[in-house]
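Chains as they are written, first to last, in our numbering: chain A, 569 to 887; chain B, 569 to 887. Using N, Cα and C, we set each Cβ at its ideal position, and we do this for glycine too.
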């Protein structure tokens with residue numbers, strides 16, 4: 569259904585900026601190069617280990633701007649809630665938004681609230697849109713070259729597992745907390761360390777596998793992942809075994825995928841690791857001239873397999 | 569509940585831009601003066617005489633930018649829909665968005681879609697945010713002076729009545745169509761005709777009465793309306809009599825309230841009337857030194873009464 573909608577909207581509303589399919593739209597107004605993005609959050613449950621719908625909404629929009637090389641400046645906040653939604657929960661969410669916005673240095677400058685009858689929405693939905701100013705122009709998957717490295721800024725899948733386990737009331741031996749966080753400082757450090765970063769994205773819906781497939785799709789290179797190098801936390805590993813998930817497809821909400829030249833890989837990795845949210849960063853793969861348009865993985869057991877787009881349904885209401 | 573939420577958010581997230589409470593936030597990036605706004609649309613039913621949730625969402629955001637003296641440039645589109653929402657309805661809405669955006673000269677440059685389980689949202693909710701560039705800076709209720717005129721660009725309340733009558737399955741002698749429209753051209757004509765326009769707003773939620781009360785609240789002037797001059801269509805009048813509504817409180821989605829100097833009133837009224845959506849424009853009141861902070865109305869019958877903020881609940885899900 570997602571892809572159906574995506575294609576209907578993309579086709580009918582097509583324009584040069586929309587068709588770039590970035591995490592943010594990038595355009596000039598006057599002499600300023602701006603980034604603009606939007607996301608709605610329908611996560612269920614609204615409170616989960618490591619975050620809530622409020623902090624998630626702020627981090628998500630801040631990160632979508634940051635990975636485009638922009639300094640996030642202003643965000644909007646639009647709330648849809650059902651009648652009778654608890655004042656205490658609302659207050660917790662607002663405080664969480666305040667904290668997340670404060671620590672990301674963005675101002676909530678405009679907003680909207682709509683209250684619908686009980687049963688017409690599930691508790692509360694939040695939309696945040698954001699505007700930022702580009703300070704590192706030119707990031708684009710089109711810039712990627714054979715030999716570039718693929719860095720992931722930390723363990724993958726913690727967000728999805730924290731939400732799913734809370735929703736389903738499942739607990740694992742190791743508690744999993746969402747990775748939801750503002751990537752602003754981490755990305756500033758990374759971009760400050762090299763002029764040869766080609767492209768960044770936060771692997772949210774569909775996880776690392778989907779993000780990398782979107783990068784390679786229709787392009788003249790492939791990506792080879794090294795399974796042994798991909799950071800996965802103990803808890804996520806346990807959960808995936810128990811529930812039959814593949815961590816490559818699980819959403820992160822505080823991780824960045826960074827593609828950088830071979831030459832600058834070490835510098836960028838060190839810069840990322842110097843940030844508190846980047847300690848678990850790793851080089852997980854390389855851009856190759858083989859397997860054009862595809863992502864494959866060299867498995868721990870010495871094999872090689874294709875990492876495809878997710879064929880079935882994605883986990884619903886993770887963000 | 570709205571005001572409770574408003575005050576919680578306003579208090580906790582306060583900053584200089586948010587506290588101006590404009591229809592859009594206004595700020596500078598580089599040398600550009602920008603306007604930024606957001607609104608979620610939860611109108612029920614999603615199709616109504618004169619429009620649908622798609623055109624409404626585009627017009628609403630375009631108008632919020634336009635009344636701040638901005639040229640709307642780019643909008644975002646975020647959709648939340650329930651599983652199983654009809655492809656035919658979705659397609660109608662997309663085509664309606666396309667048409668509204670095209671006729672307003674704005675591009676949809678970024679978007680998001682979330683699908684929730686059936687019953688977790690009522691059909692479809694749409695958020696549009698927008699970015700525009702200010703070409704007529706300085707519009708502000710703080711600029712309003714005693715003696716200024718209050719112009720309304722056309723009959724009030726048609727949007728609210730069209731939605732309510734469709735929702736409740738009521739028909740009146742005269743069919744009422746929503747006034748939902750892009751005010752872009754009308755406002756450009758108005759602003760082009762005078763340098764003495766002080767302030768503009770589109771009287772959406774809470775209607776003309778609420779908009780004017782927001783203007784006068786805590787300020788050192790009042791507004792005197794002339795009941796006989798306020799344009800109300802035949803159908804809205806009938807509906808109000810039947811249903812016990814006061815047209816002053818009914819939402820419009822294609823009307824502008826314009827406050828202008830006494831000297832330039834005639835010029836601006838002519839400019840507004842020259843637009844196809846402004847043919848029914850009228851001077852409906854004056855800014856006075858009396859009744860500071862209040863709105864009152866000289867009634868048809870020769871009396872005078874206070875036009876207060878709406879004390880009860882507003883009509884739900886009109887926009």
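Buried or exposed (CB count within 10 angstroms, at least 16 for buried), residue i
i, result
"residue 623 of chain A", "buried"
"residue 703 of chain B", "exposed"
"residue 680 of chain B", "buried"
"residue 890 of chain A", "Coverage of chain A is limited to positions 569 through 887, which leaves residue 890 of chain A absent and any answer about it impossible."
"residue 780 of chain B", "buried"
"residue 631 of chain B", "buried"
"residue 695 of chain B", "buried"
"residue 605 of chain A", "buried"
"residue 785 of chain B", "exposed"
"residue 976 of chain B", "Examination of residue 976 of chain B is not possible in this model, given that chain B is present from 569 through 887 alone."
"residue 814 of chain B", "exposed"
"residue 763 of chain A", "exposed"
"residue 629 of chain B", "buried"
"residue 725 of chain A", "buried"
"residue 742 of chain B", "exposed"
Three-state secondary structure assigned by DSSP to residue i
i, result
"residue 577 of chain B", "helix"
"residue 672 of chain B", "helix"
"residue 596 of chain A", "strand"
"residue 803 of chain B", "helix"
"residue 680 of chain B", "strand"
"residue 660 of chain B", "helix"
"residue 718 of chain A", "strand"
"residue 735 of chain A", "helix"
"residue 743 of chain A", "coil"
"residue 749 of chain A", "coil"
"residue 819 of chain A", "coil"
"residue 584 of chain B", "coil"
Beta-ladder partner(s) of residue i, from DSSP
i, result
"residue 813 of chain B", "In the DSSP output, where bridge partners are listed per residue, residue 813 of chain B has none listed."
"residue 689 of chain A", "B:689"
"residue 723 of chain B", "BP columns for residue 723 of chain B are empty, so no partner."
"residue 607 of chain B", "B:696"
"residue 642 of chain A", "A:675 and A:699"
"residue 615 of chain A", "A:620"
"residue 650 of chain A", "A:684"
"residue 602 of chain B", "B:595 and B:701"
"residue 769 of chain B", "B:825"
Backbone CA spacing between residue i and residue j [nearest angstrom]
i, j, result
"residue 729 of chain B", "residue 648 of chain A", "23 Å"
"residue 878 of chain B", "residue 737 of chain B", "25 Å"
"residue 712 of chain B", "residue 754 of chain B", "21 Å"
"residue 769 of chain B", "residue 610 of chain B", "21 Å"
"residue 760 of chain A", "residue 851 of chain A", "18 Å"
"residue 845 of chain A", "residue 590 of chain B", "37 Å"
"residue 874 of chain A", "residue 688 of chain B", "36 Å"
"residue 575 of chain B", "residue 818 of chain B", "23 Å"
"residue 772 of chain A", "residue 614 of chain B", "30 Å"
"residue 748 of chain B", "residue 619 of chain B", "7 Å"
"residue 626 of chain B", "residue 665 of chain B", "6 Å"
"residue 872 of chain B", "residue 732 of chain B", "30 Å"
"residue 581 of chain A", "residue 824 of chain A", "29 Å"
"residue 782 of chain A", "residue 646 of chain A", "29 Å"
"residue 660 of chain A", "residue 608 of chain A", "19 Å"
"residue 677 of chain A", "residue 691 of chain A", "24 Å"
"residue 633 of chain A", "residue 758 of chain B", "36 Å"
"residue 801 of chain B", "residue 744 of chain B", "8 Å"
"residue 584 of chain B", "residue 849 of chain B", "34 Å"
"residue 897 of chain A", "residue 698 of chain B", "The structure shown does not extend to residue 897 of chain A, since chain A is modelled only from 569 through 887, so no value can be given for it."
"residue 600 of chain A", "residue 617 of chain A", "39 Å"
"residue 588 of chain A", "residue 860 of chain A", "20 Å"
Terminal residues of the alpha helix (DSSP H) in which residue i lies
i, result
"residue 883 of chain A", "That residue, residue 883 of chain A, is in no alpha helix (DSSP H); it is neither H nor E in DSSP."
"residue 834 of chain B", "833-841"
"residue 782 of chain A", "775-784"
"residue 629 of chain B", "621-634"
Residue span of the beta strand (DSSP E) that contains residue i, given as start and end
i, result
"residue 762 of chain A", "Careful: residue 762 of chain A lies outside any beta strand (DSSP E) and carries neither H nor E."
"residue 826 of chain A", "825-828"
"residue 866 of chain A", "863-866"
"residue 894 of chain B", "A query on residue 894 of chain B cannot be resolved here, the shown segment of chain B reaching from 569 to 887 and no further."
"residue 794 of chain A", "790-794"
"residue 873 of chain A", "872-874"
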